[in-house]
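Worksheet for the structure shown next.
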Amino acid sequence: MKIDDLLILTYDQIDYSSLPVDALEQLALSDELFTATSALTELSIRNSPSAASVAWEILSKALGDHFLQARALEVLFKMNRKKTLDFMRQQVPEYAPFMLNRIMEFIMENARDFESEPGLSIAHLVIKRLKELDEEATSPKLEAQKNFLKLFKPEFTASAHRLAA
Amino acid sequence: MARTIPVIISFLTRLLGLGRSEAKFNSTELGKKLRLQGLEIADIQAPNGEIIACAKQGSVLVPVNKVAIFAMGKVNKYPEKELRRLQDRKQKDRKNFDANPESERRLEEIKILRDNYERSQEMLESIRKIGFEDSVDDISTIIEHLLAVGERVDVQSRVKHPSKLDGPSGKMKVLSTWKFLPDGTKYLSTLNIIPKKENKP
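Chains as they are written, first to last, in the numbering used here: chain R, 1 to 165; chain D, 166 to 366.
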């Protein structure tokens, strides 16, 4: 099936595992966001090098919505950690609650990669951003916040850092 | 367009006496109610054989599920407990988690379900903010809006076509993308509802 024909279908009617990489790339960059999320993840599941380039295109051009961008960040991290950490370092100070929540979940899931530098400083940027959002009375309570702070509060990470050194 | 595999429109299935699936949707509660609202419901058959129920007005088709399921928060919930369990294992027992590639695969699959469920919930939230509910009346109103948008779009303006949907208590921005079928029918392929903006994503 051609891409145009696939886009007639809803995301749950498409068999992504049967599609070639170039079709998945096009779907992941399409404006049908339900389908794009599924296609990007299929590229990631296959460990295709395309997953990194498509994820980077989504992030660098801020394509799609925050769900797709959060997914792209995770996919890029799996394929290219340095690029992801550099991107996070730039973006975290401005993230809104949704992305911050996803980032906290993601860092906790990959805690091993954030317990020492260069990941640790990103965790600290998240904590700084949490404090800024806390000061904005309108900020919603972030569900992942409590567990994140338990793992990455400065006193814990400082001692972990000393031990690592 | 020449390379596009033609989609068989419901008119053909009707002509060929293959309209059973249309009758099936029309007999559902939603199908009956949408027809009572004055909407014509037709089916199209995608090249892979999937039947898609659409609201039809002139040469414009709006797939009902894009509105009634995806925009109305009706995407199935993801297995939340399984997601938490896998994330917890990955965090606390990484060596064993990594030893079984199936665990990461399953984790990614559930994240698709989570993202699409939450996106659908967010669309409903945006719809509620302008005073609509996931009722047949409001589904019908949104579909009628999209049918009117479809009449206006042309080949140049078919991608991410912006429109404003008026609700009882506000307005909402909608971006729709349309596919021109080989017979000139305009088919709504993508519906994005723009939520009220946070500062950044």
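Using N, Cα and C, we set each Cβ at its ideal position, and we do this for glycine too.
Here the structure is a predicted model, which means the values were calculated and not measured.
Just by C-beta distance, which residues in the region 232-259 of chain D are closer than 7 Å to chain R? F235, Q252, K255, Q256 and R259
State the beta-bridge partners of V232(D) as determined by DSSP. Against the second sequence, residue 232(D) aligns to sequence position 67. V232(D) is not bridged to any residue.
May I ask you to report which of helix, strand or coil DSSP gives T306(D)? Translated into the one-based positions of the second sequence, residue 306(D) becomes position 141. Helix at T306(D).
Beta-carbon proximity list for Y282(D), same chain, < 6 Å, skipping 5 on both sides: Reading the second sequence from its first residue, position 117 is the one you call residue 282(D). Correct list, in chain order: V240, K242 and Y243.
Mind checking if A23(R) is an interface residue toward chain D, Cβ cutoff 8 Å exclusive? One-based indexing of the first sequence puts residue 23(R) at position 23. Not closer than 8 Å to any Cβ of chain D, the Cβ of A23(R) fails to qualify, so no.
For K221(D), the first and last residue of its enclosing beta strand (DSSP E): Looking up residue 221(D) in the second sequence gives position 56. Counting along the chain, the beta strand (DSSP E) containing K221(D) begins and ends at I216 to Q222.
Below 9 Å between beta carbons is the criterion; list the residues of the region 209-224 of chain D that meet it against any residue of chain R, in chain order. I209, A211, P212, N213, E215 and I217
Other residues of its chain near A111(R): CB distance less than 7 Å, five sequence neighbours each side excluded: To locate residue 111(R), count along the first sequence from 1; it is residue 111. Hits under 7 Å: L151.
Among A55(R), L68(R) and V92(R), nearest to M79(R) - alpha-carbon criterion: In the first sequence, residue 79(R) corresponds to position 79, counting from 1. When only C-alpha atoms are compared, the closest one is A55(R).
For L7(R), which option in N47(R), A23(R) and E105(R) has the closest C-alpha, if you only look at C-alpha atoms? In the first sequence, counting from the first residue as 1, residue 7(R) sits at position 7. Selected option, being the one with the closest Cα: A23(R).
Could you pull the DSSP bridge partners for L356(D) from this structure? Looking up residue 356(D) in the second sequence gives position 191. L356(D) pairs with S341(D).
Quick check on the burial criterion: 16 or more other C-beta atoms within 10 angstroms. Buried or exposed for R249(D)? The residue you call residue 249(D) lines up with position 84 of the second sequence. Exposed.
According to the neighbour-count rule (16 or more other Cβ atoms, all chains shown, within 10 Å of its Cβ), is D302(D) buried or exposed? The sequence position of residue 302(D) within the second sequence is 137, counting from 1. So D302(D) counts as exposed.
Cutting at 8 Å between CB atoms, please list the residues of its own chain near E57(R), excluding the five before and the five after it. Translated into the one-based positions of the first sequence, residue 57(R) becomes position 57. Excluding residues within five positions, the ones whose Cβ falls inside 8 Å are L29 and L63.
In its own chain, which residues sit with a C-beta less than 6 Å from the C-beta of E316(D), not counting the 5 before and 5 after it? Along the second sequence, read from residue 1 onward, the residue named residue 316(D) stands at position 151. Hits under 6 Å: V225.
Is the Cβ-Cβ distance between E42(R) and Y16(R) less than 8 Å? Walking along the first sequence from the start, residue 42(R) turns up at place 42. Walking along the first sequence from the start, residue 16(R) turns up at place 16. Yes, these two residues count as a Cβ contact at 8 Å.
Leaving out five residues on either side along the sequence, give the residues of the same chain with a beta carbon under 7 Å from the beta carbon of L59(R). The residue you call residue 59(R) lines up with position 59 of the first sequence. These residues qualify, in order along the chain: Q69, A72, L73, L76 and F87.
Keeping to the same chain, check which residues put their C-beta closer than 6 Å to that of L278(D); ignore five residues upstream and five downstream. Taking the first residue of the second sequence as 1, we reach residue 278(D) at position 113. The residues are Y243.
Does the beta-carbon of S322(D) have 16 or more other beta-carbons within 10 angstroms, so that it is buried, or is it exposed? By one-based count along the second sequence, residue 322(D) stands at place 157. Under this definition S322(D) is an exposed residue.
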